[in-house]
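A.B. asks: So that we are looking at the same thing, I have put the structure below in C-alpha cells.
There are 4 protein chains.
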Amino acid sequence: MSVTTKAITETSFYVRYAETDAMGVVHHASYLVYLEEGRSHYSREHGYSYAQFEQDGFFLMVTEVTVQYKRVARYGQQLTVRTWLESLKSRSLVFGYEVIDHATQSLHVTATSAHICMSKEGQIVRLPQAFTQQLQLVKRIS
Amino acid sequence: MSVTTKAITETSFYVRYAETDAMGVVHHASYLVYLEEGRSHYSREHGYSYAQFEQDGFFLMVTEVTVQYKRVARYGQQLTVRTWLESLKSRSLVFGYEVIDHATQSLHVTATSAHICMSKEGQIVRLPQAFTQQLQLVKRIS
Amino acid sequence: MSVTTKAITETSFYVRYAETDAMGVVHHASYLVYLEEGRSHYSREHGYSYAQFEQDGFFLMVTEVTVQYKRVARYGQQLTVRTWLESLKSRSLVFGYEVIDHATQSLHVTATSAHICMSKEGQIVRLPQAFTQQLQLVKRIS
Amino acid sequence: MSVTTKAITETSFYVRYAETDAMGVVHHASYLVYLEEGRSHYSREHGYSYAQFEQDGFFLMVTEVTVQYKRVARYGQQLTVRTWLESLKSRSLVFGYEVIDHATQSLHVTATSAHICMSKEGQIVRLPQAFTQQLQLVKRIS
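Chains as they are written, first to last, in our numbering: chain A, 7 to 148; chain B, 7 to 148; chain C, 7 to 148; chain D, 7 to 148.
Here it is as C-alpha cells:
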C-alpha cells in the first residue's frame, strides 16, 4: 500500500478545557483520547464502525502506543486528527496518526498504536474479513 | 426571561471510548466535560469565546453543579448538549443544560452549573459588561 | 441515624497532574472521580467491596450528583475524601462527602450522590441484604 | 548506571472506576496518568518534588512516550508503578516504568517517557543542578 493510495481520514474538534493541565496546555494523555477518536472516525468513515465491530463480538486491544509531541496545544484551539492504516496482519493492525492545527496545519503530534483482535471470550483471533476489507478501502475520504 | 426568547445553543459530538466505563456506558463524570464544552460552544456562538474571556484576565470558577441522570449513553452514540443562561448577576451566573440523543432527541441528562467571576489575582470581580451583553443575545443560534 | 453513630471512612491521595486544568487548579470534574473513589473505599472498608457487588450481578447507577466547590486545590496537594451513607432505601441510597485538605483539614468540596440498584439485565432491583447490612456498620473505621 | 545501583521508587493505588472503559478493563490512556504519578512519587521520594520544581520556574515537557501493554487490569485491582531514571542529559531526561500487580507482581505495562526542561518563558534550558543531583540519589527508596 503506497502513500499515494492510502486512505487518510480527518476529524476535527475543539480542545476541551478538561483536557488541559496546570501548564496551560493540552495534557499529554489527552492525545491518546484524540487518537482513539481518530480511529473511531476512520472506521465510521469506512462503513464499519468500531461500535459495530464490538457488537459483532470482537475487541481491538491496544498492545503498544508511541507518541512524539512536537508542539503544545491550548484550550479552544481546533485540532485535526489524521488517521491511516499503517499495517495490517491477520490478527493485528497498526494505525498511524498526525495531530495538526486545523487552521494552520502545523504539526503537533505524530503517533502510532498497535492492536490485536480479541474475541469476547478473551482469545486472540483473526480480524473478521468484512472489517479488514472495509478498512482498506483506498478511495479518498473527506 | 421566557422560553421563547432565551438563546439556546446546541453542540453535537460522538461519545468517545475513553468516556465509557466498565458498566459499558458513559461514565457519570464525563457529562461534566460535555456540559463544559456546551458552555464553551455557547460563548463561541455568542461572539465572545471563553478563551478570549481568560485572555482578558478573567476566570469563571465553578461553585456548584447539579446533574440528574435519566438515561445511559454508549460509545459511538451521537449526543447533543443544549445550553442556556439560567440566571445572570453582576458577579455570577448559572448555566442550564440538557444532554439529548442527537437522532431521537430522547433526554439523557439535565444539569445546572453556577460560576463566579474571578480576576487573575484571585479576587471576585464583576463580570465584564462586554461578556454579559454578548451572552444575553436572544436571537436563535443554531 | 445520628451523626454520632454514622460510619465515616476517609481515604487520602495526592492530586495528580492530569487532574488539573489551565486555571492551575484541580478541574471540577476530577472531584467526581475522587467521590467515586471515596465510596469505593467506603465499601472496601465495610467488608463488601463494590467490585464484589458487581461480581454478584448488581450495579449502582448514579441518578444524581450535587457538588459545592468551596476552595481550589492544586497539583501535589494531599486531599482526603470523607464518605458516609446519607440515606438508604430498599432500591436506592445516597452517599454524602466532604473533600478536605489532608494536612490543614480545610474544606474544599461538599457533595452528595444518589444511586439506584440495577441487575445485570437492566432492571431496578432491591439492594442485596448482605450489602446493605455491611454498609450500615457503625463502628468507627479509620 | 547499572541495575544494581539505580534508584527505583514504587507507589501503589487502587484502580478507580472512572479509569476503566466499556471493555471492562483499565483504559489504555489511564496508564499515562499512572506513569505521571509514578514520576511525581519518584521526585517526592528523592526530596525535590515536581511541585517545587514548577514553583522554581521550570517545567518538564513530555516529548515522547512509548507504552507496551502486556496484560489488562480491572477496577479495584491494586497496582504498583515502579519508576526509575533511564537517562539524564543537561536539558532532558528519560524515565522508565513498569506497572505491576501489587499482590502477584505480574507485569501489566512497560513504558518510557522523555522530557525536556523548559523555563516559564518557554525556552529550553538546563535542568537545575539541585534537581538532577536529588534525582540521581541511588540509595534504595521504598
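Where is the CB? At the ideal position from N, CA and C, for every residue including glycine.
Tell me which residue opens and which closes the alpha helix (DSSP H) that D:E42 is part of.
C.D. replies: Here the alpha helix (DSSP H) through D:E42 covers S36 to E51.
A.B. asks: What is the residue span of the alpha helix (DSSP H) that D:T138 lies within?
C.D. replies: Q135 to L141 is the extent of the alpha helix (DSSP H) around D:T138.
A.B. asks: Which residue or residues does DSSP assign as beta-bridge partners of B:R88?
C.D. replies: DSSP lists B:E16 and B:E104 as partners of B:R88.
A.B. asks: Can you list the residues of chain D that B:D27 reaches, using a CB-CB cut of under 8 angstroms?
C.D. replies: Chain D residues near B:D27: Y23, A24, T26, D27 and A28.
A.B. asks: By Cβ distance, which residues of its chain are closer than 8 angstroms to C:V68, with the 5 residues on each side in sequence left out?
C.D. replies: So the qualifying residues of the chain are S119, A120 and H121.
A.B. asks: Which chain B residues are close to D:H33, counting only those with a beta carbon under 7 angstroms from its beta carbon?
C.D. replies: Per Cβ cutoff of 7 angstroms: A24.
A.B. asks: Quick one: what's got a C-beta closer than 6 angstroms to C:H52's C-beta in the same chain, skipping five residues either side?
C.D. replies: So the list reads Q140, L141 and L143, once near-sequence residues are dropped.
A.B. asks: Could you say if the segment 96-104 of chain D and the segment 93-110 of chain A meet the contact criterion of at least three C-beta pairs nearer than 8 angstroms?
C.D. replies: Contact fails: fewer than three Cβ-Cβ distances are below 8 angstroms.
A.B. asks: Would you say A:E127 faces chain D, with C-beta separation under 9 angstroms as the test?
C.D. replies: Judged by the 9 angstroms Cβ criterion, A:E127 is not in contact with chain D.
A.B. asks: Compile a chain-ordered list of the residues in the segment 94-127 of chain C whose CB is closer than 8 angstroms to at least one CB of chain D.
C.D. replies: Listed by position, the residues of the segment 94-127 of chain C near chain D (Cβ gap below 8 angstroms) amount to none.
A.B. asks: Taking 9 angstroms as the CB-CB limit, is A:R80 close to chain C?
C.D. replies: Closer than 9 angstroms to some Cβ of chain C, the Cβ of A:R80 qualifies, so yes.
A.B. asks: Examine chain A for any beta-carbon lying closer than 9 angstroms to the beta-carbon of B:E5, and answer yes or no.
C.D. replies: In this structure chain B extends from 7 to 148, so residue 5 of chain B is not present and cannot be described.
A.B. asks: If you draw a straight line from the alpha carbon of D:R45 to that of B:T138, how long is it in whole angstroms?
C.D. replies: Distance between the alpha carbons of D:R45 and B:T138 is about 43 angstroms.
A.B. asks: How many angstroms separate the CA atom of C:V87 from the CA atom of B:L133?
C.D. replies: Approximately 33 angstroms, taken between the alpha carbons.
A.B. asks: Please compile the residues from chain B whose C-beta is within a distance smaller than 7 angstroms of the C-beta of C:Q83.
C.D. replies: Within 7 angstroms Cβ-Cβ: nothing; C:Q83 doesn't reach chain B, min ~16 angstroms.
A.B. asks: Taking the continuous alpha helix (DSSP H) assigned at B:Q58, which residues delimit it?
C.D. replies: Y56 to Q61 is the extent of the alpha helix (DSSP H) around B:Q58.
A.B. asks: Checking contacts by CB at 9 angstroms: is B:E51 closer than that to chain A?
C.D. replies: Taking Cβ atoms only, chain A never reaches closer than 9 angstroms to B:E51, which makes this a no.
A.B. asks: Between A:L38 and D:A35, is the Cβ-Cβ spacing less than 9 angstroms?
C.D. replies: Yes, Cβ-Cβ distance for A:L38 and D:A35 is below 9 angstroms.
A.B. asks: Using a Cβ cut-off of 7 angstroms, pull out every chain C residue sitting near B:Q58, in sequence order please.
C.D. replies: The premise fails here: B:Q58 is roughly 14 angstroms from chain C at the closest Cβ pair, so nothing lies under 7 angstroms.
A.B. asks: Let me check one thing: in DSSP terms, what residues is C:M124 bridge-paired to?
C.D. replies: For C:M124, which the question treats as bridged, DSSP gives the partners C:F65 and C:I130.
A.B. asks: Taking DSSP as the reference, what is the three-state secondary structure of A:A28?
C.D. replies: DSSP places A:A28 in coil when its eight states are reduced to three.
A.B. asks: Near C:R97, which residues of its chain fall below 8 angstroms by C-beta distance, leaving aside the five closest residues on each side in sequence?
C.D. replies: Cβ within range, chain order: I122, C123, I130, V131, R132 and L133.
A.B. asks: With a cut-off of 9 angstroms, does the C-beta of D:V39 fall near any C-beta of chain C?
C.D. replies: True, the Cβ-Cβ gap to chain C drops below 9 angstroms.
A.B. asks: From the DSSP output, read off the bridge partner residues of C:V73.
C.D. replies: Per DSSP, B:V71 and C:A117.
A.B. asks: Check whether the Cβ atoms of D:L91 and D:A13 sit closer than 9 angstroms, and answer yes or no.
C.D. replies: Cβ distance < 9 angstroms, so D:L91 and D:A13 count as in contact.
A.B. asks: Using a beta-carbon distance below 9 angstroms, is D:S46 in contact with chain C?
C.D. replies: Yes, D:S46 lies at the interface with chain C (some Cβ there is under 9 angstroms from its Cβ).
A.B. asks: From this set, A:G82, A:Q135, A:A136 and A:Y75, which residue's C-alpha is nearest A:A117's C-alpha?
C.D. replies: Nearest of A:G82, A:Q135, A:A136 and A:Y75 to A:A117, Cα basis: A:Y75.
A.B. asks: Starting from D:S5, find everything on chain C with Cβ-Cβ shorter than 8 angstroms and list it in chain order.
C.D. replies: Only positions 7 to 148 of chain D appear in the structure, and residue 5 of chain D is not among them; the question remains open.
A.B. asks: Could you compute how far the alpha carbon of A:L94 sits from the alpha carbon of A:Q135?
C.D. replies: Approximately 12 angstroms, taken between the alpha carbons.
A.B. asks: What's the call for C:E43, buried or exposed, on a 16-neighbour Cβ count within 10 Å?
C.D. replies: Under this definition C:E43 is a buried residue.
A.B. asks: Can you name the residues of chain A whose CB is closer than 8 angstroms to the CB of D:Q74?
C.D. replies: Within 8 angstroms Cβ-Cβ: T69 and E70.
A.B. asks: Give the single residue among C:G128, C:K126 and C:D107 whose Cα lies nearest to the Cα of C:T17.
C.D. replies: Comparing Cα-Cα distances from C:T17 to each of C:G128, C:K126 and C:D107, the minimum goes to C:D107.
A.B. asks: Should C:R80 and C:T26 be called a contact, given that it needs their Cβ atoms to be closer than 9 angstroms?
C.D. replies: Going by C-beta atoms, C:R80 is nearer than 9 angstroms to C:T26.
A.B. asks: I believe D:G82 touches D:V21 by the beta-carbon criterion, under 8 angstroms. Please report the beta-carbon distance rounded to the nearest angstrom.
C.D. replies: That pair is a contact at about 6 angstroms.
A.B. asks: Restricting to Cα atoms, I'd like to know which of A:T72, A:F65 and A:T89 is closest to A:G3.
C.D. replies: With chain A covering 7 to 148 only, the question about residue 3 of chain A has no answer from this structure.
A.B. asks: So that I know if they touch, is there some Cβ in chain B lying closer than 9 angstroms to that of A:E92?
C.D. replies: Answer no: the Cβ-Cβ gap between A:E92 and chain B never drops below 9 angstroms.
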